[in-house]
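Q: Below is one structure. I have some questions about it.
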Amino acid sequence: MAKRKPSARPPEGVVKGPYLQSSVKRRIEALFLDNVGKVLSREQILEAARDPVSGKEPENWHQRLSELRTDDGYTILSWRNRGGLKVQEYMMPHTEKRLGAAKRVKPTKQTWQQVLDRAGHRCEWLEKGQKCGLREGESDPIGGGRVTLTPDHKRPHSVDPDADPKDPNQWQALCGRHQVVKKNYWDSMTGKLNTYAIVQAAPETEKRAVFLFLLEYFGYALEADGSIRKREGS
Ligand SMILES: [Zn+2]
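Here the sequence shown is numbered in our numbering, starting from 186 and rising by one per residue.
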């Protein structure tokens, strides 16, 4: 009888501060480095990220948080990819940085503004002739959470590393969920679906359906008390 819960909740983090670093991103980084393996809430991140002089809360903290992932190469988990975390909770499991993360090209501010204007501040992901159309700041009815649009180079960086930061036609605005789809679901180098990433980005109900399918597939049964048992004869 297996009692181990893979999604057991990690301990709560604390805001040690004061964080006097000169940028929002560096203050958030310092908070996470003080709390490796611990849960941090949105409120704690906001507290650490606020301007040490004016006390003003930054509006763009979420963008800076994702830059710690994409540009600095840190692993920061959220409720989307770590069971046991609630919505608006985050955790840095270790301080290792992925190499090469800093080399990503981004559109200029002006180009990004042109892209957003073209997109009408809505996600431009196209699937079976249908646009996603989620608007910045709306709640995402499928993935949950608020929609944040970020720039995506239409041709994968792995295929065309010379993205032009000044050409709006090379970029599109994508919501967080479709950034994951674009980056992870289809690996254009191997031509394979990234099954793990699909499950990781799926809503909890679908994760649960996959979990139950796998238990059944591998011959396990889920008991009423939540424990798992190997079925007899399998
Ligand atoms: Zn979208």
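All residues carry an ideal CB built from backbone N, CA and C; glycine is no exception.
This structure is a prediction, so every number in the text was calculated from the model and none was measured.
For Gly411, which option in Leu397, Pro243, Ile327 has the closest C-alpha, if you only look at C-alpha atoms?
A: Along the sequence shown, read from residue 1 onward, the residue named residue 411 stands at position 226. Among Leu397, Pro243, Ile327, the Cα nearest to that of Gly411 belongs to Leu397.
Q: Less than 7 Å between C-beta atoms, sequence neighbours within five positions excluded: which residues of the same chain meet that for Thr280?
A: Locating residue 280 in the sequence shown gives position 95, where the first residue counts as 1. Around Thr280: Leu218, Val221.
Q: Using a Cβ distance threshold of 8 Å, determine whether the segment 304-319 contacts the segment 242-262, with at least three qualifying pairs required.
A: Contact between the segment 304-319 and the segment 242-262 is absent, because fewer than three Cβ pairs lie under 8 Å.
Q: Counting Cβ pairs closer than 8 Å, one from the segment 227-242 and one from the segment 253-267, do we hit at least three?
A: Judged by Cβ distances under 8 Å, the segment 227-242 makes no contact with the segment 253-267, as fewer than three pairs qualify.
Q: Which residues mark the beginning and the end of the beta strand (DSSP E) in which Ala234 is found?
A: In the sequence shown, the residue the question calls residue 234 occupies position 49. Where Ala234 is concerned, there is no enclosing beta strand (DSSP E), although the alpha helix (DSSP H) it sits in stretches over 227-234.
Q: Kindly give me the distance between the Cβ atoms of Glu274 and Ser263, rounded to whole angstroms, as I take these residues to be in contact under 8 Å.
A: Stepping through the sequence shown from its first residue, residue 274 is reached at position 89. Stepping through the sequence shown from its first residue, residue 263 is reached at position 78. The pair is a contact, with the Cβ atoms about 7 Å apart (cut-off 8 Å).
Q: Residues in the same chain with beta-carbon distance under 6 Å from Ala304, minus the five sequence neighbours each way, listed in chain order, please.
A: Counting from one through the sequence shown, the residue named residue 304 turns up at place 119. Cβ neighbours of Ala304 beyond the five flanking positions: Ala358.
Q: Hey, Leu334 and Cys360 are a contact pair by Cβ (cut 8 Å); roughly how many whole angstroms apart?
A: The count along the sequence shown starts at 1 and reaches residue 334 at position 149. The count along the sequence shown starts at 1 and reaches residue 360 at position 175. Going by Cβ atoms, the distance from Leu334 to Cys360 rounds to 6 Å, so yes, they are a contact pair.
Q: Do the CB positions of His338 and Gln364 come within less than 9 Å of each other?
A: For the purposes of this step, residue 338 is identified with residue 153 of the sequence shown, where counting begins at 1. For the purposes of this step, residue 364 is identified with residue 179 of the sequence shown, where counting begins at 1. Not in contact: His338 and Gln364 (Cβ atoms no closer than 9 Å).
Q: Flag this pair as yes or no: are the beta carbons of Val224 and Arg194 separated by less than 9 Å?
A: One-based indexing of the sequence shown puts residue 224 at position 39. One-based indexing of the sequence shown puts residue 194 at position 9. Yes, these two residues count as a Cβ contact at 9 Å.
Q: Looking at the structure shown, is Gln385 part of a helix, part of a strand, or coil, going by DSSP?
A: Numbered from its first residue, the sequence shown carries residue 385 at position 200. In this structure, Gln385 counts as helix in the three-state DSSP scheme.
Q: Any heavy atom of ligand 1 closer than 8 Å to the beta-carbon of Arg254?
A: Against the sequence shown, residue 254 aligns to sequence position 69. It does not: the Cβ of Arg254 is nowhere closer than 8 Å to a heavy atom of ligand 1.
Q: Using three-state DSSP, classify Ser324 as helix, strand or coil.
A: The residue labelled residue 324 in the question sits at position 139 within the sequence shown. Three-state result, Ser324: strand.
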